[in-house]
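Notes for the one structure printed next.
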Amino acid sequence: MGSLVVFLWSFLSISAVGICSNYYQDFDISWGQGRANILDGGELLTLSLDNYSGSGFQSKNHYMFGIIDMQLKLVPGNSAGTVTAFYLSSGGVNHDEIDFEFLGNTSGEPYTVHTNVYTQGKGDREQQFRLWFDPTADFHSYSILWNPQTIIFSVDNTPLREFKNMENNGVPFPNTQPMKLYSSIWNADEWATRGGLIKTDWTQAPFTASYRNFHADACVVSSAAATACGASSDQEDRPWLSQKLDPNGEERLKWVQKTHMVYDYCTDGKRFPQGFPPECSSDQM
Ligand SMILES: *[C@@H]1O[C@H](CO)[C@@H](O)[C@H](O)[C@H]1NC(C)=O
Ligand SMILES: *[C@@H]1O[C@H](CO)[C@@H](O)[C@H](O)[C@H]1NC(C)=O
């Protein structure tokens, strides 16, 4: 099992080499000019939050299914009150969105990784995790696989969460609206750290998160119009369109959910007095 992980990991690393991502080429700074910086000829991007405001960037492209992968090094030290987000979103009224958010913490205390999935404008599907490493000490890879059957959130190639297509059970699935990739850092000390009890310590500002090695194996679509990406004729060129967890991945997912998940909306009965959402009762977990 260990060797399979190593094998997959090196395979993915190799396939990413040569496709040099460049932050100038792939992204626009969408807010906080001056606090967002592209460095090292486009290989590194940093986002900062100071006592004035935060910053963010977004992809130039819209994607319709793919594997999106980014390496992040989160705000070190006392990052309580800060939120760094990395997500796909279609925008628009009934938007689809696939979210990773990283809630900072006081020095030495763990970050919370917050995930959510919005379909047709409806979210309320939070799951939160603790990581098994310090995400501020080094870069780690955070990825989203999105294809017509499933959405898989992974960290360093270990799956954290899966949201399967359950349209047959009446749960909408994001498969008609292309999405852009967004990232931002902002102050959320009214709720983020222990429900807002811990405030941002501005003497520690600026708070900076770093990004490198962006990689998208995805259908790039030119406008907000959905395309035929996902047709069966694409499968050969685009193996990720039919990718799913192998037995080893299933095991890893179970391990993370059992040992590192700290919140699951599907077990929060107080929130759903009328009964859990339909996806909670299937084989989703
Ligand atoms: C923000 O930080 C700067 C630099 O430390 C400081 O000069 C300024 O007074 C601060 N502003 C506020 C509103 O706290
Ligand atoms: C911060 O650390 C404390 C103590 O381990 C934990 O209870 C809390 O959930 C952590 N995360 C956030 C975002 O507050």
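Residue 177 in numbering that gives the first Met the number 0 sits at position 178 of the sequence shown, and the numbers go up by one each step.
Note that CB positions come from ideal geometry on N, CA and C, so glycine has one too.
#1: Can you tell me where the beta strand (DSSP E) holding T149 begins and where it ends?
#2: Would you call G33 buried or exposed, if buried means 16 or more other Cβ atoms sit within 10 Å of its Cβ?
#3: Any residues whose CB sits closer than 5 Å to a heavy atom of ligand 2? List them in chain order?
#4: Is the stretch 53–63 close to the stretch 188–204, with three or more CB pairs under 8 Å?
#5: Just the Cα atoms here: how many angstroms apart are P171 and T118?
#6: Since F64 contacts L240 with CB under 8 Å, what's their CB separation in whole angstroms?
#7: Can V112 and F162 be called in contact, C-beta distance under 8 Å?
#8: Compute the Euclidean distance between the alpha carbons of G248 and K121, then round it to the nearest angstrom.
#9: Roughly how many whole angstroms lie between the Cα atoms of Y22 and E235?
#10: Residues in the same chain with beta-carbon distance under 7 Å from S78, minus the five sequence neighbours each way, listed in chain order, please.
#11: Taking only the alpha-carbon atoms, compute the straight-line gap between D263 and F132 and give it to the nearest angstrom.
#12: Would you decide whether T266 is buried or exposed? Buried here means 16 or more other CB atoms lie within 10 Å of its CB.
#13: Where does the unbroken alpha helix (DSSP H) through E249 begin, and where does it stop?
#14: So what does DSSP say about K269, is it helix, strand or coil?
#15: By the three-class DSSP mapping on this structure, what secondary structure does T118 have?
Reading it off the structure:
#1: Along the sequence shown, read from residue 1 onward, the residue named residue 149 stands at position 150. Taken as a continuous stretch (DSSP letters only), the beta strand (DSSP E) holding T149 covers 149–154.
#2: In the sequence shown, counting from the first residue as 1, residue 33 sits at position 34. That one is exposed.
#3: L102, N104, E108, T111, T192, R193
#4: Output reads no: the stretch 188–204 does not touch the stretch 53–63.
#5: Translated into positions along the sequence shown, residue 171 becomes position 172. Translated into positions along the sequence shown, residue 118 becomes position 119. In a straight line, the C-alpha of P171 is about 6 Å away from that of T118.
#6: For the purposes of this step, residue 64 is identified with residue 65 of the sequence shown, where counting begins at 1. For the purposes of this step, residue 240 is identified with residue 241 of the sequence shown, where counting begins at 1. Correct: roughly 6 Å between the Cβ atoms.
#7: For the purposes of this step, residue 112 is taken as the residue at position 113 of the sequence shown. For the purposes of this step, residue 162 is taken as the residue at position 163 of the sequence shown. Against a cut-off of 8 Å, the Cβ pair of F162 and V112 comes out as no contact.
#8: On the sequence shown, residue 248 is found 249 positions in, with the first residue counted as 1. On the sequence shown, residue 121 is found 122 positions in, with the first residue counted as 1. Roughly 28 Å separates the two Cα atoms.
#9: The count along the sequence shown starts at 1 and reaches residue 22 at position 23. The count along the sequence shown starts at 1 and reaches residue 235 at position 236. The straight-line gap from Cα to Cα measures roughly 29 Å.
#10: Residue numbering aside, residue 78 sits at position 79 when the sequence shown is read from its first letter. Hits under 7 Å: G103, N104, F206.
#11: Within the sequence shown, residue 263 is the residue found at index 264, counting from 1. Within the sequence shown, residue 132 is the residue found at index 133, counting from 1. Spanning the two alpha carbons is a distance of roughly 21 Å.
#12: Translated into positions along the sequence shown, residue 266 becomes position 267. That one is exposed.
#13: As a first step, residue 249 must be located in the sequence shown, where it is residue number 250. First-last of the alpha helix (DSSP H) with E249: 246–258.
#14: Sequence index remark: in the sequence shown, residue 269 carries index 270 (1-based). Helix, per DSSP.
#15: Working through the sequence shown from its first residue, we reach residue 118 at position 119. T118: strand per DSSP, three-state reduction.
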